[in-house]
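Going by the working numbering, the first residue of the sequence shown is number 14, and it counts up by one from there.
By construction, the Cβ of each residue, glycine as well, lies at the ideal position given by its N, Cα and C atoms.
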Amino acid sequence: MSERQNRPIGIFDSGVGGMTVLRALLRQLPAEEFSFLGDTARLPYGTKGRNTIIEYTLHAARRLVESHAVKMLVVACNTASSVSLPALRVQFPDIPVVGVIEPGARAAVRVSPKGRIAVLATEATVRGGAYVEAIHRLNPEAQVVSRACTLFVALAEEGWLEGEVVEGVVRRYLADIFAAQVKPDTLLLGCTHFPLLQKAIARVVGSDVHIVDSAQTTAEAVSIILKETGLARTTPALPAEEAVHFMATDNVSRFAATGALFLGRKLSEEDVELVDI
Ligand code: DGL
């Protein structure tokens with residue numbers, strides 16, 4: 014196995030939410046090592062302007078490339094993916110850069126029976142229109158409606174995933190879309206945090222609506238690129254606790270506590286390195 018194959022895969026998110034993508038990657042690629050960086054000092058990205066998001070993303074990516082020599086960069090943050098991919102590819106031409114928008118759009122188009130898709134995301138992702146473009150590239154006939162659901166991020170961060178308050182917020186954001194005569198048949202969760210609220214969302218929109226996110230399809234895309242570029246590790250599977258180097262830019266104890274929710278396993282403060290970027 015070459016030195017390059019042996020390097021970790023860098024994953025970046027504005028906070029802990031990207032662990033929904035990390036979880037899918039750990040399942041899909043058990044032999045790989047990952048360096049996960051959550052920019053908790055600057056979270057949320059979703060309410061920031063385009064140039065600020067690009068600047069923050071470039072800083073974080075530089076840390077992963079320069080200090081961890083990552084062989085590939087996965088931008089797990091939907092907001093960062095929707096605006097920063099071209100800048101990242103210019104800045105780091107020697108490694109593959111994968112975002113979550115294209116894989117998420119593919120997941121939605123794949124399951125949508127009539128191409129009626131609702132995209133739920135942050136303000137910045139909705140404003141940028143990247144999901145709508147990606148869905149239309151795959152299905153030009155698709156009818157797409159987008160909705161910024163800003164409070165979902167805070168609910169997930171707080172660990173409020175179900176119950177009356179959560180369903181009330183979901184209803185407030187989505188009731189009009191699902192009361193329309195022609196309602197969406199598919200809901201695309203276009204934000205790292207939203208999969209945690211999936212049960213509450215399903216209860217509000219009804220069980221006949223398909224709900225998808227980009228985690229699994231992104232993991233599949235990463236796996237394909239690793240094979241195509243000859244960068245996949247050929248060693249046996251690593252124990253999950255040894256496979257990830259976690260870093261956060263602020264408040265590692267909160268990062269660990271919330272991260273455990275997203276990751277679906279124990280994560281303690283000692284497992285997370287505090288970094289400045
Ligand atoms: N990670 C962001 C996303 O997926 C959500 C949190 C934020 O606004 O930074 O869009």
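Residue pairing by DSSP places Glu45 opposite no residue, since no beta bridge is assigned to it.
Per DSSP, Ile108 lies in no alpha helix (DSSP H) segment and is marked neither H nor E. With a cutoff of 8 Å on beta-carbon distance, Leu274 and Gly172 are scored as near each other.
Taken atom to atom, the span from the alpha-carbon of Arg55 to that of Ser27 is near 7 Å. A straight-line Cα-Cα distance of about 34 Å links Lys84 and Pro153. The way I'd put it, the region 158-170 doesn't touch the region 83-103; fewer than three beta-carbon pairs between them come closer than 8 Å. Annotation note: the region 207-257 contains the following uninterrupted beta strand (DSSP E) runs of length 3 or greater, listed N- to C-terminal: 223-226. Between the beta-carbon of Leu202 and that of Gln211 there is about 7 Å, and that keeps the pair under the 8 Å contact cut. Secondary structure at Met14: coil, using DSSP grouped into helix, strand and coil. Judged by pairs of C-beta atoms under 8 Å, the region 64-71 does not touch the region 216-223, as fewer than three such pairs exist. With a threshold of 16 other beta carbon atoms within 10 Å, Thr248 falls short and is exposed.
When DSSP states are grouped into helix, strand and coil, Ile190 belongs to the helix group.
Counting only runs of 4+ residues, the alpha helix (DSSP H) found wholly inside the region 74-155 occupies 91-104, 114-124, 136-141 and 143-151, in chain order. When the alpha-carbon of Val257 is set against those of Val103, Glu286 and Ala147, the nearest one is in Glu286.
When the alpha-carbon of Thr271 is set against those of Glu170, Ala192 and Leu251, the nearest one is in Glu170.
Its Cα nearest to that of Gln104, the residue Ala74 stands out among Ala74, Phe47 and Gly23. With a contact defined as Cβ atoms closer than 8 Å, Ala137 and Val96 qualify at about 7 Å.
Cβ neighbours of Leu244 within its own chain (closer than 7 Å, five residues either side excluded): Arg17, Gln18, Lys84 and Met85. Secondary structure at Thr163: helix, using DSSP grouped into helix, strand and coil.
Going by beta carbons, Ala261 and Asp284 fall outside the 8 Å limit. Around the beta carbon of Ile114, a 10 Å sphere encloses 16 or more other beta carbons of the protein chains shown; the residue is thus reported as buried. Here Gly128 is buried: its Cβ has 16 or more other Cβ atoms, across all protein chains shown, within 10 Å.
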